[in-house]
Amino acid sequence: DQQVKQNSPSLRVQEGRISILNCDYTNSMFDYFLWYKKYPAEGPTFLISISSIKDKNEDGRFTVFLNKSAKHLSLHIVPSQPGDSAVYFCAASARRNQGGKLIFGQGTELSVKP
Amino acid sequence: GAGVSQTPSNKVTEKGKYVELRCDPISGHTALYWYRQSLGQGPEFLIYFQGTGAADDSGLPNDRFFAVRPEGSVSTLKIQRTERGDSAVYLCASSETDQETQYFGPGTRLLVL
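Line by line, the protein sequences are chains B and R. Numbering of the first sequence is given in our numbering, commencing with residue 1073 and proceeding in unit increments. Numbering of the second sequence is given in our numbering, commencing with residue 1467 and proceeding in unit increments.
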């Protein structure tokens, strides 16, 4: 069963506009969530994270929102830049019970056009 | 500072052969993770070490897969009797502890012919 789902395989956004990437999860034991960015032929790069005790975390142009009741999180990028074009993975862990083991979504390919 | 490194970057082997994939974590990181990523999918957890011991190996697909971390630093993922379905990118990550952010290496692209 897919415990972490990213239902949009791709997203196209105009430069300067907001990019919103979505992620849903099913396991209520998850207590920590992360977003990673991946360029071709490279490993995933950590972007931003959020603990389940919070509902928002912001770092520069990147903001992650967590809605625990809906088991949904989203990553907002504003303003979007062409260099943001990459595949974005949502990941979740149940740190209290399972340590650092990450469960990833399938990824969303973001394309930011000038 | 040096990040996570993985060798080789690419490996082509024949069905039935044995392969070893190596991971050098960030210095001082006690937790080390192996993931596998197939085309069009997210990384899939295989195993993680806290120090020298495997804390969770629930993701290893079968007994052809084995991993070691004898001195609590470098780790080797070993695959016996490789099958075409083992073809994937094998990713390694490390973190200061298993409660901290994981940083990934560039991966080893394994192709089994």
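Quick reminder that beta carbons are idealized off the backbone N, C-alpha and C, glycines included.
Can you tell me which residues form a DSSP beta bridge with residue i?
| i | result |
| --- | --- |
| R:Arg-1535 | DSSP, once it has assigned bridges, lists no residue as partnering R:Arg-1535. |
| R:Ala-1559 | R:Tyr-1499 and R:Phe-1570 |
| B:Asp-1131 | B:Phe-1134 |
| B:Lys-1140 | B:Lys-1140 pairs with nothing; no bridge assigned. |
| B:Phe-1105 | B:Ile-1122 and B:Ala-1164 |
| R:Gln-1472 | R:Cys-1489 |
| B:Ile-1149 | B:Ser-1091 and B:Phe-1134 |
| R:Gln-1516 | R:Ala-1497 and R:Gly-1519 |
| R:Ala-1554 | R:Leu-1576 |
| B:Tyr-1097 | B:Val-1076 |
Can you check whether the CB of residue j is closer than 9 Å to the CB of residue i?
| i | j | result |
| --- | --- | --- |
| R:Gln-1565 | B:Gly-1177 | no |
| B:Phe-1102 | B:Leu-1119 | no |
| R:Val-1470 | B:Gly-1088 | no |
| R:Tyr-1569 | B:Lys-1173 | no |
| R:Arg-1547 | R:Gly-1506 | no |
| R:Val-1418 | R:Glu-1480 | This structure does not reach residue 1418 of chain R, given that chain R is present from 1467 up to 1579, and the question cannot be answered. |
| R:Tyr-1499 | R:Ser-1561 | yes |
| B:Tyr-1104 | B:Ser-1165 | yes |
| B:Leu-1083 | B:Thr-1180 | yes |
| B:Lys-1126 | B:Ala-1158 | no |
| B:Tyr-1097 | B:Lys-1128 | no |
| R:Pro-1474 | R:Cys-1558 | no |
| B:Asn-1079 | B:Asn-1094 | yes |
| B:Ala-1163 | R:Gly-1508 | yes |
From residue i to residue j, what does the alpha carbon distance come to, in whole angstroms?
| i | j | result |
| --- | --- | --- |
| R:Gln-1503 | B:Phe-1161 | 12 Å |
| R:Ser-1553 | B:Lys-1143 | 33 Å |
| R:Phe-1532 | R:Phe-1511 | 14 Å |
| B:Gln-1074 | B:Asn-1169 | 19 Å |
| R:Leu-1543 | B:Gln-1086 | 42 Å |
| B:Pro-1154 | R:Ala-1521 | 40 Å |
| B:Lys-1185 | B:Phe-1137 | 25 Å |
| B:Ile-1122 | B:Ser-1146 | 11 Å |
| R:Val-1534 | B:His-1148 | 39 Å |
| R:Glu-1537 | B:Ser-1091 | 44 Å |
| R:Thr-1518 | R:Thr-1496 | 9 Å |
| B:Ser-1152 | B:Tyr-1108 | 16 Å |
| R:Tyr-1501 | B:Gly-1132 | 29 Å |
| R:Thr-1563 | R:Asn-1528 | 27 Å |
| R:Asn-1476 | R:Gly-1551 | 16 Å |
| R:Ile-1545 | B:Ser-1124 | 37 Å |
| B:Ser-1183 | B:Val-1150 | 14 Å |
| B:Asp-1156 | R:Val-1478 | 32 Å |
For chain A, check one thing: does any of its Cβ atoms lie closer than 9 Å to the Cβ of residue i?
| i | result |
| --- | --- |
| R:Pro-1527 | Absence of chain A from the displayed structure is noted, the protein chains being B and R. |
Are there three or more Cβ pairs, one per stretch, closer than 8 Å when the region 1558-1576 of chain R is compared with the region 1468-1488 of chain R? The region 1558-1576 of chain R, when compared against the region 1468-1488 of chain R, does touch it at the 8 Å Cβ threshold.
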